Structures are given as structure tokens and as C-alpha cells.
Amino acid sequence: MSLLQAEADAARADGRVRTWLSCSILLAGALWQLGRQPEAVAAFEPAVTTCLFEGIKQPFVEESDWLPEVMPELIEAASVRRTNRLREAYLAELRVELRGKRDACGGRGEAAREGILSRRERQALGLLIEGLTYGEMAAELGLSVNTVKFHLKNLYGKLGVRNRRAAIHAAAKARLL
635 MSLLQAEADA ARADGRVRTW LSCSILLAGA LWQLGRQPEA VAAFEPAVTT
685 CLFEGIKQPF VEESDWLPEV MPELIEAASV RRTNRLREAY LAELRVELRG
735 KRDACGGRGE AAREGILSRR ERQALGLLIE GLTYGEMAAE LGLSVNTVKF
785 HLKNLYGKLG VRNRRAAIHA AAKARLL
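Under the numbering used here, think of the first position of the sequence shown as 635, with each following residue one higher.
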């Protein structure tokens with residue numbers, strides 16, 4: 635979680651709006667899935683506000699690939715805060731667009747995602763997202779540091795990446811989270 639937040643903060647500070655939007659949406663989805671709905675909505679709101687006036691929907695549509703169930707819930711939670719008609723219309727359009735995409739793609743299931751990574755690789759990925767060190771991951775999983783490194787090496791290989799940040803982004807894009 636802290637890695638996504640750090641990347642979002644860095645992107646915003648550097649003026650990399652598209653990266654900031656993606657990180658904010660991914661962070662909101664991860665927080666939502668962890669049951670931290672108020673934090674998720676707080677992370678989601680600035681992205682909605684930024685895209686609202688330009689009518690930009692693509693970042694939400696793209697990130698919905700790995701958040702098919704969560705994205706509609708986040709949009710619904712954001713809709714509860716009725717601030718103005720433009721915002722309500724934007725969120726309604728976004729809902730329709732996501733529903734259309736989900737129907738067109740037929741939705742990809744959890745079973746397909748789980749077959750790509752081993753149980754330990756999925757666990758390591760979850761801890762990687764939280765920003766834990768190798769030692770902290772080893773303690774959490776009850777494994778040696780070398781075993782954790784082995785699982786991460788396999789994970790990186792399957793994702794075709796070389797570092798933590800790239801692994802998190804690739805896993806999110808592949809809907810492995």
C-alpha cells in the first residue's frame with residue numbers, strides 16, 4: 635500500500651497526471667478490497683474530481699480491468715456525496731461505460747487469475763504491495779528470507795519485471811491482485 639501511495643505522491647509532485655490517476659485508482663481499489671472503504675473513497679475522490687471537468691473516463695475504464703467488482707462499488711460510494719449535477723452526471727456516465735465494457739468483455743473470472751501465480755507468490759505480492767522488506771515478509775509468512783527472495787524472483791519472472799514497483803503495476807494490469 636505504501637508503495638502505491640509513494641508513487642502517487644511522486645507522480646503528483648512531478649506533474650505526471652496520468653500516472654497519478656492510475657496509482658490513485660489502484661490504491662482506492664486495494665484499500666476497498668481490504669475493507670478500508672472510507673480510505674478508499676478518500677483516495678478515489680481526487681481522481682474523480684480531476685477527471686470530472688474534462689470528462690476523462692479512460693483511466694477508470696482501464697483500471698477497471700483488474701477491479702471489475704470494486705470499481706462500481708467505489709463509484710457508488712462516491713455518488714453518495716451529492717455535490718453537484720455535473721459530478722452526478724459524470725459518475726452516471728462512468729457507470730454506464732464500465733457496465734458496457736464488462737458486458738462486452740464477458741468479465742474475466744477469479745479462477746483464471748489464480749492459475750497464473752502460486753499461493754506463495756500471491757501472498758508475497760500482497761506483502762510487496764504493503765511495502766514490507768524481505769525480512770518482514772519472511773516473518774509474516776514464516777519463511778526464510780532466501781525463500782521469500784525465491785518466490786519474488788519467480789513472481790518477477792512471470793510478470794516480466796525487475797523491481798517491486800514494476801511488479802505491482804504489472805500485477806494490477808494483469809488483474810492478479
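We treat Cβ as the ideally placed atom computed from N, Cα and C, and that holds for glycine.
Values in this document were obtained by computation on a predicted structure and should not be read as measured data.
Query	Result
DSSP-derived helix/strand/coil call for V682	helix
Counted within 10 angstroms of its Cβ, other Cβ atoms place S636 as buried (16 or more) or exposed	exposed
Helix, strand or coil at V651 according to DSSP, with G and I counted as helix	helix
Alpha-carbon spacing of I690 relative to A773, whole angstroms	43 Å
For L789 and L759, believed in contact at Cβ under 8 Å, the rounded distance	6 Å
C-alpha distance - R650 paired with E679, whole-angstrom precision	18 Å
Rounded straight-line distance, which links the Cα of G663 to that of G669	10 Å
Whole-angstrom distance between N780 and L732, CA atom to CA atom	42 Å
Close Cβ partners of W666 (< 7 Å) along its chain, the five nearest in sequence each way excluded	A674, V704, E707, L708
Supposed contact pair L661 and L686 - C-beta distance, whole angstroms, cut 8 Å	19 Å between Cβ atoms; not a contact.
Nearest-angstrom Cα separation, counted from E764 out to A677	16 Å
Where L751 sits in the DSSP three-state scheme	coil
Three-state secondary structure assigned by DSSP to V782	helix
Rounded distance between the beta-carbons of V795 and A804, thought under 8 Å	5 Å
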